Amino acid sequence: MTTPVVELADVRKRYNIGQPSEAEVLHGLDLRLDPSDFAALIGPSGSGKSTLLNIIGLLERMTSGSYKLQGQEVVGLSDDELTLRRRRTLGFVFQFHHLLPAFDALENVTLPALAAQGRVDEATRRRALELLDAVGLSAATRKRPAELSGGMQQRVAIARALVLQPALVLADEPTGNLDTASSDEVFALLRRIHAERGTAFVVVTHDPRLAARCDRLIELVDGRVTRD
């Protein structure tokens, strides 16, 4: 039986502990994500999508429950241990690409390795070049973000998310800042990477067109999964 990438059980998240129960954002949530998943996470604003994504991404701790990442419980790990697990297992793509303007495309892609290892070794540099080629930017490795279109900048961000070979990529509105043509292009790229590299994806989107093109639809309403 395949080990899930993510397995959440009875996950609750409350803010302002000690305050009334309306401060609870996630209410006993169960969720399993498998290596084969290309899932859309949808729901109205305030439904808890960002909180859930932050918990899965080890950016925020849950109040109670169980979270197994590749079969290993992460509850109780120190902040440093969570950082290591996040770097080894997870990649992130956001609505805004967050590229460093003074760095060229290749340097931006290798940033996670620099943060994790303090240096960029030759194997990582080769992988970054391969990823830039895979996203159609082999001719733009030395261009800085200001020299690239919005869609091209987002493709650099996708390559950056993949450079440490994560098991799961969390994409939070990855096309939300793009026009329709660029949005379709970036989404098609995510699908191709999933098919070719076997990377699992969770894509938060408000675009019903894109959600309908995912293999799995997870709907969150008022901190509960109402459809999966």
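Residues 145 to 372 in this note's numbering are what the sequence shown lists, from first letter to last.
Beta carbons: idealized from backbone N, C-alpha and C, even for Gly.
Given the structure is predicted, the values throughout are model-derived calculations rather than measurements.
Simplified DSSP assignment, three categories, for residue i
i: S204; result: At residue 204 the sequence reads Glu, which differs from the Ser that was named. It is coil, neither helix nor strand.
i: G235; result: strand
i: A311; result: coil
i: K193; result: helix
i: V330; result: helix
i: T324; result: helix
i: R368; result: strand
i: E266; result: helix
i: V300; result: helix
i: R230; result: helix
i: L292; result: coil
i: E274; result: helix
i: R357; result: coil
i: A246; result: coil
i: L97; result: Only positions 145 to 372 of the chain appear in the structure, and residue 97 is not among them; the question remains open.
Bridge partners - residue i, DSSP secondary structure assignment
i: Y211; result: L152
i: E217; result: K212
i: D316; result: F238 and V348
i: K157; result: L170
Cβ distance (whole Å) where residue i is taken to contact residue j below 8 Å
i: L306; j: L276; result: Between L276 and L306 the Cβ distance is about 10 Å, and since that is not below 8 Å, they are no contact.
i: Q214; j: V313; result: Not a contact, Cβ separation roughly 14 Å.
i: T349; j: A183; result: Actually they are not in contact, since the Cβ atoms of T349 and A183 sit about 11 Å apart, beyond 8 Å.
i: D154; j: G209; result: 5 Å
i: R231; j: A272; result: 16 Å between Cβ atoms; not a contact.
Classification of residue i by the beta-carbon crowding that lies within 10 angstroms, buried from 16 upward
i: V219; result: exposed
i: A246; result: exposed
i: N252; result: buried
i: E217; result: exposed
i: G172; result: exposed
i: G235; result: buried
i: R353; result: exposed
Residue span of the beta strand (DSSP E) that contains residue i, given as start and end
i: D174; result: E168 to L177
Run of the alpha helix (DSSP H) containing residue i, from where it starts to where it stops
i: A260; result: L255 to Q261
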